[in-house]
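Asks: Chains as they are written, first to last, in the working numbering: chain A, 6 to 115; chain B, 43 to 155.
Glycine is no exception: its CB is placed at the ideal position from the N, C-alpha and C atoms.
Please read these numbers as outputs of a predicted model, since none were measured by experiment.
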């Protein structure tokens, strides 16, 4: 059974701080890992993906992957109120279908 | 310009009354997906079309069906909606089942009364 676990939050951080979002997955065969942002009532929007162990940076976002620990995280530096949203972690296995976690709700306080 | 379009954005149907949700795309992607997302839950893949080949997820209820008459359009049919089928239904597309570029439509919010 494939499972993707996230803390539902809400996670509150002050503006300008670093937000840290975590995700664990159960299937060791998972190959690629994705972070989506979803504003309330809107569709998911891809922020980043990562498939190799280590860090991947894109602007204010850094994805971190540790396959041995089955753990992937997203760091948001210099958090802005516009970053307030639900962040969905997703993984793929051999079939390339996306399996989503339930998401972590982030609130950035001005 | 919208690339994945879903109509209607909001749909209200009665318990047991068949309903069809529509998705169209201008990306010419050969894979189209339907997800169900209930409130505060993860999007759950119902099925996808790879070209004309239909791929149903094992746990998708028989009440849900899909049609893809051409590359651009895909429909989700719910034969007898129950109260538990109230959700956001998301259509997505990709080229060759590439998960790195899966584009989502805005979704259709379905209410069952």
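Compute the Euclidean distance between the alpha carbons of residue 97 of chain B and residue 149 of chain B, then round it to the nearest angstrom.
Replies: Taking the straight line from one Cα to the other gives about 21 Å.
Asks: So the candidates are A:97, A:65, A:21 and A:25; which of them puts its Cα closest to the Cα of residue 38 of chain A?
Replies: Ranking A:97, A:65, A:21 and A:25 by Cα distance to residue 38 of chain A puts A:97 first.
Asks: Less than 8 Å between the CB atoms is what I'm expecting for residue 23 of chain A and residue 84 of chain A, so what's the real figure, rounded?
Replies: Yes, residue 23 of chain A and residue 84 of chain A are in contact; Cβ-Cβ is about 7 Å, under 8 Å.
Asks: Ordered along the chain, which non-local residues of its own chain (more than five positions away) have a Cβ less than 6 Å from that of residue 75 of chain B?
Replies: Once the five neighbours on either side are set aside, the close Cβ partners of residue 75 of chain B are 90 and 134.
Asks: What does residue 106 of chain A reach in chain B if we use C-beta pairs closer than 8 Å?
Replies: Those within 8 Å of residue 106 of chain A in chain B are 84.
Asks: Output yes if chain B places a C-beta closer than 7 Å to the C-beta of residue 54 of chain A; else output no.
Replies: Yes, contact with chain B.
Asks: Note down the Cα distance separating residue 111 of chain B from residue 117 of chain B, rounded to an integer number of angstroms.
Replies: Spanning the two alpha carbons is a distance of roughly 9 Å.
Asks: Determine, using beta carbons only, whether residue 92 of chain B and residue 132 of chain B come nearer to each other than 7 Å.
Replies: Contact: no.
Asks: List the residues that DSSP assigns as beta-bridge partners of residue 97 of chain B.
Replies: Answer by DSSP bridge pairing, in chain order: B:90.
Asks: By alpha-carbon positions, which one of A:103, A:58 and A:90 ends up nearest to residue 78 of chain A?
Replies: Closest option to residue 78 of chain A, Cα to Cα, is A:58.
Asks: Name the DSSP bridge partner or partners of residue 20 of chain A?
Replies: None; residue 20 of chain A has no bridge partner.
Asks: Between the region 107 to 114 of chain A and the region 11 to 22 of chain A, do at least 3 Cβ pairs fall closer than 8 Å?
Replies: Flag = yes, the region 107 to 114 of chain A and the region 11 to 22 of chain A touch.
Asks: Just to confirm, is the Cβ distance from residue 51 of chain A to residue 44 of chain A under 7 Å?
Replies: Contact: no.
Asks: Which residues in chain A have a C-beta closer than 7 Å to the C-beta of residue 71 of chain B? List them in chain order.
Replies: Those do not exist, as residue 71 of chain B stays about 14 Å from chain A at its closest Cβ, beyond 7 Å.
Asks: Suppose you measure from the CA of residue 85 of chain B to the CA of residue 128 of chain B; what does that come to, to the nearest Å?
Replies: When rounded, the distance between both Cα atoms is 13 Å.
Asks: Please list the residues of the region 116 to 143 of chain B that have a C-beta atom closer than 7 Å to any C-beta atom in chain A, keeping them in chain order.
Replies: Taking 7 Å as the Cβ-Cβ cut-off against chain A, the residues of the region 116 to 143 of chain B that qualify are 132, 139, 141 and 142.
Asks: What residues from chain A crowd round residue 148 of chain B, counting only those whose CB sits closer than 8 Å?
Replies: Here the neighbours are 47 and 48.
Asks: Please check if any C-beta of chain B sits within less than 7 Å of the C-beta of residue 37 of chain A.
Replies: Chain B, which has a Cβ nearer than 7 Å to the Cβ of residue 37 of chain A, makes this yes.
Asks: Between which two residues does the beta strand (DSSP E) harbouring residue 62 of chain A extend?
Replies: Start and end: 59 to 63.
Asks: Measure the alpha-carbon distance for residue 68 of chain B versus residue 45 of chain B and round it to whole angstroms.
Replies: Their backbone Cα atoms lie some 5 Å apart in a straight line.
Asks: Identify whether residue 125 of chain B lies in helix, strand or coil by the three-state DSSP scheme.
Replies: Residue 125 of chain B falls in the helix class under three-state DSSP.
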